[in-house]
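Asker: Taking this note's numbering, I'd label the letters of the sequence shown as residues 3 to 1191. C-beta: ideal position from N, C-alpha, C; glycine also. Take a look at the following structure, please.
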Amino acid sequence: MARQQPSPWVHTAFLFCLLSLSGAIEIPMDLSQPPTITKQSVKDHIVDPRDNILIECEAKGNPAPSFHWTRNSRFFNIAKDPRVSMRRRSGTLVIDFRSGGRPEEYEGEYQCFARNKFGTALSNRIRLQVSKSPLWPKENLDPVVVQEGAPLTLQCNPPPGLPSPVIFWMSSSMEPITQDKRVSQGHNGDLYFSNVMLQDMQTDYSCNARFHFTHTIQQKNPFNLKVLTNHPYNDSSLRNHPDMYSARGVAERTPSFMYPQGTASSQMVLRGMDLLLECIASGVPTPDIAWYKKGGDLPSDKAKFENFNKALRITNVSEEDSGEYFCLASNKMGSIRHTISVRVKAAPYWLDEPKNLILAPGEDGRLVCRANGNPKPTVQWMVNGEPLQSAPPNPNREVAGDTIIFRDTQISSRAVYQCNTSNEHGYLLANAFVSVLDVPPRMLSPRNQLIRVILYNRTRLDCPFFGSPIPTLRWFKNGQGSNLDGGNYHVYENGSLEIKMIRKEDQGIYTCVATNILGKAENQVRLEVKDPTRIYRMPEDQVAKRGTTVQLECRVKHDPSLKLTVSWLKDDEPLYIGNRMKKEEDSLTIFGVAERDQGSYMCVASTELDQDLAKAYLTVLADQATPTNRLAALPKGRPERPRDLELTDLAERSVRLTWIPGDDNNSPITDYVVQFEEDQFQPGVWHDHSKFPGSVNSAVLQLSPYVNYQFRVIAINEVGSSHPSLPSERYRTSGAPPESNPSDVKGEGTRKNNMEITWTPMNATSAFGPNLRYIVKWRRRETRETWNNVTVWGSRYVVGQTPVYVPYEIRVQAENDFGKGPEPGTVIGYSGEDYPRAAPTDVKIRVLNSTAISLQWNRVYPDTVQGQLREYRAYYWRESSLLKSLWVSQKRQQASFPGDRLRGVVSRLFPYSNYKLEMVVVNGRGDGPRSETKAFTTPEGVPSAPRRFRVRQPNLETINLEWDHPEHPNGILTGYTLKYVAFNGTKVGKQIVENFSPNQTKFTMQRADPVSRYRFSLSARTQVGSGEAVTEESPAPPNEAAPTAAYTNNQADIATQGWFIGLMCAVALLVLILLIVCFIKRSRGGKYPVREKKDVPLGPEDPKEEDGSFDYSDEDNKPLQGSQTSLDGTIKQQESDDSLVDYGEGGEGQFNEDGSFIGQYTVKKDKEETEGNESSEATSPVNAIYSLA
C-alpha cells in the first residue's frame, strides 16, 4: 500500500497564476497605440535550402501597422519578385522555391519596419544564410605506418558546413572508437594517440560529420594503421601489466604537446560564452594533464574537466575569468607546461533596457538605455527608424547621453524610439514607444468571476486594469475592512492578490478598486474554498491464490459540492473492467483471480479541482499440489539464483531475455526482478528494469536508445530474494533524439546581478545518444524579447548581468548527436536579490508596560525592496539603566516581524531603562539601511527575586536570615517583604509579615518553640509592587529522620560552641547518676525495662535518641505518676508507644522469668566476645557507660 504524490491538477485558479507579475502594463488594443514588434527571426537566421525561406516579423498596434523590409540597408521591393510574398496581417516574408530558384541568391541582411500613424518600430537586423553541407572530397588514404609507442594524429578535415558539423569517430563497421586518456578526439575533430599500441591495428578509423539541417552523416574513407613493433604478439594479458610498455619493449619518453604547439598561446572569448582550453600531449607512459590558473584558483563553480582532463571548460565566462592558464603534462619521465593567455571581451549587454512609456498629458517621463560591453559600446538613438538628429525638433524632449527626458508631454509627443548600442562584437536594438493618453481606470477582465480553490493551497486573484495616469489598485474583502496586504496576503505591482495559504475563512467576495485622478473602476472575484479529496482507506498489497476472490478498498472523502470520479489503473494503464471484475463506489472486486491479474493497482480519486492516488500490488500464486506430511516438514528457504541468461530477438528498442529458474527451496517463486547495468554514466551500478510473475522465464524487455545494456535476474519467494544471476552478455541499442527533457528546472539568483539555472540531468536510459547536452533558453517574462540560448554539457548555467529580482521564462531542452528532444515547458525563475535600498519611515513607539513596546511604521515602496520581502526587523539595545550605579549590557537584540506588516510588539525588555531602536527591511539577500534611531524609556517594574537568600540556625532559640539585593531592581527599591509561617508535620501556624527598608539585608528571628520549622518567603518591592519571591525553609530539628544538608553543616558549627559542650557534659553526668540508681534498685530486686540503641554514640547527630534518659517502672510495669521533662525541653508521654522489641537488638534481648528485660549495654564487638556470660555483664554500670560514650 502506498500513497502516490498527485500530479499537478489544473483548476480554475491555475489560469490566474499564468498572468504576469511584473510592473509592465499593457495598453488595451482598443486604444490608440504605436506599433510594437511581437515576433521576429533570430539575428543569425540559417535556413534549410530544401524548404521555403521564412523570415518572421509580427507586430501589434492600433491602427494595425503596415510592414516593409530593407535588404542590405536598401528598400526591398517585394512586389517585383514573384517568389517573395508577405503573409496577410503580418510582416513575415515567405520566399517560395517550388517553381525554381536558388536560395543562395537571397542571402543578406534584412530588417522589418512596422508602421502606423503614431510611429514606426524596427526589428533586429536579420542575417539570412543558407545551410551548407558539402560532400567530403574523394581521397584514397594509404595505410598509416607508425612505430609502437610513437604519437599519432589522424586528421579529420571535414568539409566546411553551415552550421559546423558534429564530428565523431567510428570504424567502417559503425562501431564507436573507444576513447581514453591515451586515445581521444580533440575539439578540432582530429583523433590523437598519445602513444600507439599494437592493439590499435585491430580496427580502422573513420571520421564522421553529422550536419544539422539535413540530418545526414557523411563518412570519410577510413584510416588503416600498420604498427611496427618489437613484440609482434598481441598478448592481451599485457594490457593490464603494471609496466605494460617495458613488457612490450617500448621505450619510455618525456611528454611533448601535440596540441597546441609550443609553450604559449592566446585565446579570446566573449563574455557569457563558454571558454574551452585544450592540451593534448604525447609520451610514454601516457601523460596525465592538470590545469592551473596563475595567481589564483580555477573557478570551482564554473570549471569542468572534459576529455579525460585534456580540456578545461569554463561556462558563462565573465571578466574575472581573464588571465593566464597553464596545463601541466607529466608522467614518470618528466613534465612540461603550456601557458594560454585568455582575454575576455563582451558584446553589448543590457544594464537598463528602455521600456514603453505611458504618460498622461502634462506628465514627465524618461527613457533610459544603458548597456555595457568590452570595448565600451556606443549608444545611438532613433525615432521612428530615423536618426534622432534628423528628426523634427521637440521642445519637450531632451537627450542626455543614454537618457531621453520628456517634460510636459502632449499628444504630439507620441512616437517609437529605438536605442541601438553596439561594439565590434555585436549590437542590441530595443524599441520603446511613448504613448500619451488620458484614460480613466478600466478593468480588463470579465466581471464577477468565480474561483474555486482547494483548502490550504496557494492561489492568486488577478485584476488586470489600465488607466492613464497609471492607477493605484487596492483590494478589499466582502466590501469592507482595510486594504488587504501583509500577513497571508501579498499584493504584486501589477495588482494581483496572492493568498499564500487558503483557509476556510478566506472564502468570500474580493473587490479590486483602481483609482486615478480621472475616476475609479472596480471588479469583484468570488472565492469558494473546497475541501481536499483524500483517500482515507487505501488498497493494501495482497497475495492471493489463483481462482480466489480479491477485494481492493478505496474509500474517499471529498467536498460534496464537487463531482467525484473514482477510476482504477493497472500497471499505470487504464483498467478494463471485464465480467470478472466489479467496480463499486469504494472498492474493486476481482472474481476468479488469474495470473494475468497480477500487478500494481492504482485508485485515482479526482474532482475537477484536485485528485488523490493510492497504489497496491496484487501477487497471484499458482495452484500447488497438496504436499505430503514429509514434504510439509521440509524447511523453506530463499530460491537459488537463475542461470544461463540468453538474449534473443534483438531489435532496435527491445530484446527477449530468457533464463533457467533455480531451485525454489520448497517455497514457490512468486516474482522475478530483471535488473540492468550500463557502462557509460554509472558503470557497475545495477537498476531495476522490470518485474515478472514467477511462472515466467522469458520476457521481452523494452529498451532505451544508445545504452550498452547488461542484464541479471533475481528470483523472489515468500522467504526472500535469491542472489543475482550471473550477468548476460552486453547489447547496445542504436541512438535516437531524446524523448524527454531534464526535470526540476529552477532559476534562482546567487548574486544580485545573476540567475543560476539548474536542472536534474538525465540518466543513461534517457540520453538516447552520444554527446548529451542541454539547450538553455531564457528571457525576461512578458517582455516578448528574443530568447537567449546557450548549449550546456553540465547541469547548471549562470545568466549574468541581470536586473535585480525580475522574473524570467526558462526552458531547458535535451539534445544529443541524433537531434533535439521535444519542446520543453516553460518555468519561471527569478534573478538575484540585492540589499533593500530604503528603510522603514515614520517609526512610532508606544510603551505598553514596563517590559513591552508597540511599534508602528510605514512600509517601504516595493521597488526599493529589490527582492522578496522576508520581514521587517527591529534592532534594539539597552543604553543604560535609570539607576545610575547599575551596569547594563548593551548587546544588540532583534525582533522579527515576518511579511509585509505595519506594526509589531517588542517584549522581554528591562524596566526602568533607556533603550534605542532601529528598523530595517530584510529580503533574501540581507538587511537594508537602518532607519532613524529612536530612543524610548521603559517605566518602573517589579524587581527580580533577592539573590543568595540564606537561612541559618545558630541555636535552638534563633534563626538568622541573610540576602543580597536583586540582580535586576527594575526601579527604585522601596523595601523588602518577608512572610513566614511555622509548621510541624501537617500543622501550619499563622503567617507573619515583616517589612524592611531597602538597605536591610539581614534579620534575626526568635523561635517560638524548638520543635517547629519555618517556611520563609522573601520579595523585593518598588513603587509598582512586589516582585518575584524566593522561598526557603529553616533546618530540620535534630529529632527528625532526614536532616537536610544545610542542617548537617549547621550541626558541625554548633558542635564547636561552648554551651553545647557544657550541655553534653551535664547529660553524661545525669546518665551516670541514673545508671547507679538502676544498679542499686536492681540489687533490691526491682524490675525495669531499659530502652536504648546500641552501637551509636549519644549525641546530637543521632536522629532516634530523644534525650538519653531511662524510663523506670515497678515490677508490674506501671507508669510513673506524673511526667518527666527531657533535657531538650520536650514533655514525654505518660505511656510509651514503643514495644519492648523496639528497645532490643533485633530480637536478641533476653527475658527473665518475671518478664523483665535484661538490656545489653556492650558494643557489638563486646557482645560477640561475651555471649556466654550475659547476666554478669548486663548488671555492670561500667559497661553501660562504655556503650553510651
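Where in the region 234 to 318 do unbroken runs of the alpha helix (DSSP H), each at least 4 residues long, occur, reported from the N-terminal end onward?
Answerer: Runs found: 246 to 249.
Asker: Is the region 185 to 205 touching the region 269 to 284 in the sense that three or more CB pairs, one from each, lie closer than 8 Å?
Answerer: Flag = yes, the region 269 to 284 and the region 185 to 205 touch.
Asker: Residue 449: buried (16+ other C-beta within 10 angstroms of its C-beta) or exposed?
Answerer: Here residue 449 corresponds to residue number 447 of the sequence shown, with the count starting at 1. The residue in question, residue 449, is exposed, as its Cβ has fewer than 16 Cβ neighbours within 10 Å.
Asker: Are there three or more Cβ pairs, one per stretch, closer than 8 Å when the region 636 to 653 is compared with the region 716 to 731?
Answerer: Taking 8 Å as the limit for Cβ pairs, the verdict is that the region 716 to 731 does touch the region 636 to 653.
Asker: By the DSSP assignment, the beta strand (DSSP E) with residue 792 in it spans what residues?
Answerer: Here residue 792 refers to the residue found at position 790 of the sequence shown. Note, residue 792: beta strand (DSSP E), 790 to 794.
Asker: State the Cα-Cα distance for the pair residue 44 and residue 162, rounded to the nearest angstrom.
Answerer: Within the sequence shown, the letter at position 42 stands for residue 44. Within the sequence shown, the letter at position 160 stands for residue 162. Looking at the two C-alpha atoms, the distance is approximately 22 Å.
Asker: Exposed or buried, residue 971, counting other C-beta atoms within 10 Å across all chains shown (16 or more means buried)?
Answerer: What you label residue 971 is simply residue 969 of the sequence shown in a count that begins at 1. Buried, because 16 or more other Cβ atoms sit within 10 Å of the Cβ of residue 971.
Asker: Taking C-beta to C-beta, are residue 804 and residue 755 nearer than 8 Å?
Answerer: Position 802 of the sequence shown, counting from 1, holds the residue named residue 804. Position 753 of the sequence shown, counting from 1, holds the residue named residue 755. Yes.
Asker: Identify every residue that forms a DSSP beta bridge with residue 645.
Answerer: On the sequence shown, position 643 is the one that residue 645 refers to. DSSP, once it has assigned bridges, lists 662 as partnering residue 645.
Asker: Relative to the alpha-carbon of residue 587, which residue among 616, 415, 346 and 607 has its alpha-carbon at the smallest distance?
Answerer: Position 585 of the sequence shown, counted from the start, is the residue given in the question as residue 587. Nearest option by C-alpha distance: 607.
Asker: Less than 8 Å between the CB atoms is what I'm expecting for residue 835 and residue 806, so what's the real figure, rounded?
Answerer: Looking up residue 835 in the sequence shown gives position 833. Looking up residue 806 in the sequence shown gives position 804. That pair is a contact at about 7 Å.
Asker: For residue 400, count neighbouring Cβ atoms within 10 angstroms of its own Cβ and tell me buried if that reaches 16, exposed if not.
Answerer: As a first step, residue 400 is located in the sequence shown; it is residue number 398 there, counting from the start. The residue in question, residue 400, is exposed, as its Cβ has fewer than 16 Cβ neighbours within 10 Å.
Asker: Tell whether a beta-carbon distance below 8 Å holds between residue 124 and residue 391.
Answerer: Position 122 of the sequence shown, counted from the first residue, corresponds to residue 124. Position 389 of the sequence shown, counted from the first residue, corresponds to residue 391. No; because the gap between Cβ atoms is not below 8 Å, this pair is not in contact.
Asker: Report the rounded CA-to-CA distance for residue 1069 versus residue 1024, giving the unit in angstroms.
Answerer: Taking the first residue of the sequence shown as 1, we reach residue 1069 at position 1067. Taking the first residue of the sequence shown as 1, we reach residue 1024 at position 1022. So the alpha carbons of these two residues sit roughly 52 Å apart.
Asker: Take residue 254 as the anchor and find which of 757, 100 and 246 has the nearest alpha-carbon.
Answerer: Taking the sequence shown and counting its residues from 1, the one referred to as residue 254 is at position 252. Comparing Cα positions, the closest option is 246.
Asker: Do you know whose CA, among 761, 757, 252 and 136, lies nearest residue 746's CA?
Answerer: As a working note, residue 746 is residue 744 in the sequence shown. The residue with the shortest Cα to Cα distance from residue 746 is 761.
Asker: Can you give me the Cβ contacts of residue 301 inside the same chain, cut-off strictly under 7 Å, excluding the 5 residues immediately before and after it?
Answerer: Locating residue 301 in the sequence shown gives position 299, where the first residue counts as 1. Around residue 301: 316 and 323.
Asker: Is the region 571 to 580 in contact with the region 592 to 610, if contact means three or more CB pairs nearer than 8 Å?
Answerer: Judged by Cβ distances under 8 Å, the region 571 to 580 makes contact with the region 592 to 610, as three or more pairs qualify.
Asker: Would the beta-carbon of residue 969 fall within 8 Å of that of residue 933?
Answerer: Mapped onto the sequence shown, residue 969 falls at position 967. Mapped onto the sequence shown, residue 933 falls at position 931. Result no, Cβ atoms of residue 969 and residue 933 do not sit closer than 8 Å.
Asker: Whose CA, out of 174, 414 and 137, lies closest to the CA of residue 164?
Answerer: Here residue 164 refers to the residue found at position 162 of the sequence shown. Of the candidates 174, 414 and 137, the one whose C-alpha sits nearest the C-alpha of residue 164 is 137.
Asker: Is residue 590 a contact residue of the ligand ATP, with contact defined as CB to any heavy atom under 7 Å?
Answerer: Ligands in the displayed structure: none, and consequently the ligand ATP is not present.
Asker: Applying the 10 Å Cβ sphere with the 16-neighbour rule, what's the burial state of residue 222?
Answerer: Translated into the one-based positions of the sequence shown, residue 222 becomes position 220. The residue in question, residue 222, is buried, as its Cβ has 16 or more Cβ neighbours within 10 Å.
Asker: Can you tell me which of 554, 545, 219 and 447 puts its alpha carbon nearest to the alpha carbon of residue 514?
Answerer: Taking the sequence shown and counting its residues from 1, one reaches residue 514 at position 512. Here the closest residue by C-alpha is 447.
Asker: Which residues bound the alpha helix (DSSP H) around residue 866?
Answerer: Here the question's residue 866 lines up with position 864 in the sequence shown. Here the alpha helix (DSSP H) through residue 866 covers 864 to 867.
Asker: In angstroms with no decimal places, state the Cα-to-Cα distance between residue 77 and residue 788.
Answerer: Position 75 of the sequence shown, counted from the start, is the residue given in the question as residue 77. Position 786 of the sequence shown, counted from the start, is the residue given in the question as residue 788. Near 25 Å, if we compare the C-alpha coordinates of residue 788 and residue 77.
Asker: Is residue 1106 buried or exposed, if buried means 16 or more other CB atoms sit within 10 Å of its CB?
Answerer: Stepping through the sequence shown from its first residue, residue 1106 is reached at position 1104. Since pLDDT at residue 1106 reaches only 39, below the 50 mark, its modelled position is unreliable, and the value read off the structure follows with that caveat. Exposed: under 16 other Cβ atoms inside 10 Å.
Asker: So residue 767 is in the alpha helix (DSSP H); what residue range does that whole segment cover?
Answerer: Within the sequence shown, the letter at position 765 stands for residue 767. Segment 766 to 769, the alpha helix (DSSP H) holding residue 767.
Asker: What number of angstroms, rounded off, separates the C-alpha of residue 1192 from the C-alpha of residue 656?
Answerer: The requested residue 1192 is not part of the displayed model; the chain covers only 3 to 1191.
Asker: Residue 966 bridges to which residues according to DSSP?
Answerer: Within the sequence shown, numbered from 1, the residue matching residue 966 stands at position 964. DSSP, once it has assigned bridges, lists 949 as partnering residue 966.
Asker: Any idea if residue 1063 is buried or exposed, counting beta-carbon neighbours within 10 angstroms, 16 or more meaning buried?
Answerer: Taking the first residue of the sequence shown as 1, we reach residue 1063 at position 1061. Answer is exposed; the Cβ neighbour count stays below 16.
Asker: Using the rule of at least 16 other Cβ atoms within 10 Å of the residue's Cβ for burial, across every protein chain shown, is residue 498 buried or exposed?
Answerer: Position 496 of the sequence shown holds residue 498. Counting Cβ neighbours within 10 Å, residue 498 comes out buried, since at least 16 surround it.
Asker: For the beta strand (DSSP E) holding residue 614, just list the boundary residues, first then last.
Answerer: Against the sequence shown, residue 614 aligns to sequence position 612. Per DSSP, residue 614 belongs to the beta strand (DSSP E) from 613 to 623.
Asker: Evaluate contact between the region 1012 to 1019 and the region 1031 to 1039, counting only Cβ atoms and requiring at least three cross-stretch pairs below 8 Å.
Answerer: At 8 Å Cβ cutoff, the stretches touch.
Asker: Hey, is residue 86's beta-carbon within less than 8 Å of any beta-carbon in chain D?
Answerer: No chain D is part of this structure, which consists of one protein chain only.
Asker: I need the DSSP call for residue 504, collapsed to helix, strand or coil.
Answerer: Here residue 504 refers to the residue found at position 502 of the sequence shown. Coil.
Asker: So, is residue 651 buried or exposed, given that buried needs 16 or more other C-beta atoms within 10 angstroms?
Answerer: The residue given as residue 651 occupies position 649 in the sequence shown. Residue 651 comes out exposed.
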